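Written out below as structure tokens is the structure these notes cover.
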Amino acid sequence: MIRRHGGFAPSRALLAACAAPAVAFFSAFWLLPVALLLALPARQGMATYFAVLTNARYLHSLLQTLALSLAVTLATLLLGALVGITLARQRFRGRQLLLSLLTLPLSFPGVIVGFFLILLGGRQGVVADLTDAAGWGRFTFAYGLAGLFLAYLYFSLPRAIGTYTAAARAMDAALEEAARSLGASRWRVARDVWVPQLQATTVACGAIVFATSMGAFGTAFTLSTKFEVLPITIYNEFTNYAN
Numbered sequence: 006m007i008r009r010h011g012g013f014a015p016s017r018a019l020l021a022a023c024a025a026p027a028v029a030f031f032s033a034f035w036l037l038p039v040a041l042l043l044a045l046p047a048r049q050g051m052a053t054y055f056a057v058l059t060n061a062r063y064l065h066s067l068l069q070t071l072a073l074s075l076a077v078t079l080a081t082l083l084l085g086a087l088v089g090i091t092l093a094r095q096r097f098r099g100r101q102l103l104l105s106l107l108t109l110p111l112s113f114p115g116v117i118v119g120f121f122l123i124l125l126g127g128r129q130g131v132v133a134d135l136t137d138a139a140g141w142g143r144f145t146f147a148y149g150l151a152g153l154f155l156a157y158l159y160f161s162l163p164r165a166i167g168t169y170t171a172a173a174r175a176m177d178a179a180l181e182e183a184a185r186s187l188g189a190s191r192w193r194v195a196r197d198v199w200v201p202q203l204q205a206t207t208v209a210c211g212a213i214v215f216a217t218s219m220g221a222f223g224t225a226f227t228l229s230t231k232f233e234v235l236p237i238t239i240y241n242e243f244t245n246y247a248n
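For the sequence shown, our numbering gives the first residue as 6, with consecutive numbering after it.
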């Protein structure tokens, strides 16, 4: 121990000893597996790295996942911005309760989100019962592209709403007041004042939503029986096909 300003500062040896468990944990559960994943395909040649582009099944799964993630990201940003700005600007009774309810899905695992959608649009779901009672047959949408889109949107929206609400509260109201005093319309204010101030929030939120949608596994595992996404393809390669 080193005495400093009447107290004691930890020595380098003590700091190294305290950091050793974290370094060991990081190496064992992240660094070594990643290094192994990079080394295994290299033994079979560089073509292994490009299999996702040359194999029709892999490429189809990748393109489907990219398209789905992009659509979810755009819809999440649009709806999240509208709801978030509204909640930040409007004052009404129950606003905090509504915000809490809207962000509640953040606490749900992906499997639970998929289960909720099955209860709504699955073969024994509410929508199927209603359409069957109306004489239209049992209509389902939970197990394909529509189901995955709605499920991804369901667990992505709360994050966007919370982010946009906080960002809208921090916007400089003087800029909006100045624009309105100069005769700017509501759409002009939104384009020239809101969009620039929310640009960083939009980029950050969009990146998080896109990355989350690309890597979502629990929800996709529950719902993707008719629409395969990349995480399920990877899972099948490591388990079902013993690759």
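Glycine included, C-beta positions come from ideal geometry on N, C-alpha and C. Computed from a predicted model, the values in this text were never measured in an experiment.
In the three-state reduction of the DSSP assignment, residue 114 falls in the coil class, being assigned neither a helical nor a strand state. Within the segment 132 to 188, the runs of alpha helix (DSSP H) that reach at least 4 residues and sit entirely inside it are, in chain order, 150 to 174 and 178 to 186. With a threshold of 16 other beta carbon atoms within 10 Å, residue 148 meets it and is buried.
A direct Cα-Cα distance of roughly 28 Å separates residue 115 from residue 91. In this structure residue 183 is exposed. Its beta-carbon is surrounded by fewer than 16 other beta-carbon atoms within 10 angstroms. Assignment of alpha helix (DSSP H) within the segment 55 to 119, counting only whole runs of 4 or more residues, yields 56 to 59, 61 to 94 and 100 to 107 in chain order. Per the coordinates, the alpha-carbon of residue 101 lies some 49 Å from the alpha-carbon of residue 54. About 13 Å separates the CB atoms of residue 57 and residue 42; that is not less than 8 Å, and the two are not in contact. Residue 110 and residue 31 do not touch by the CB rule: their CB atoms are close to 30 Å apart, not below 8 Å. 219 is the residue among 143, 205, 191 and 219 whose C-alpha sits nearest the C-alpha of residue 158. Residue 240 counts as exposed, since fewer than 16 other beta carbons sit within 10 angstroms of its beta carbon. Contact between residue 214 and residue 174 is ruled out by a C-beta separation of about 21 Å, above the 8 Å threshold.
Membership of residue 130 in any alpha helix (DSSP H) is not indicated, and neither H nor E is assigned to it by DSSP. Excluding its 5 nearest sequence neighbours in each direction, residue 168 has C-beta neighbours in its own chain below 8 Å: 85, 89, 206, 209 and 210, listed in chain order. Here DSSP, grouped into helix, strand and coil, assigns residue 233 to coil. Close CB contacts of residue 82 within its chain, under the 8 Å cut and outside five residues either way in sequence, are with 165, 207, 210, 211 and 214 (chain order).
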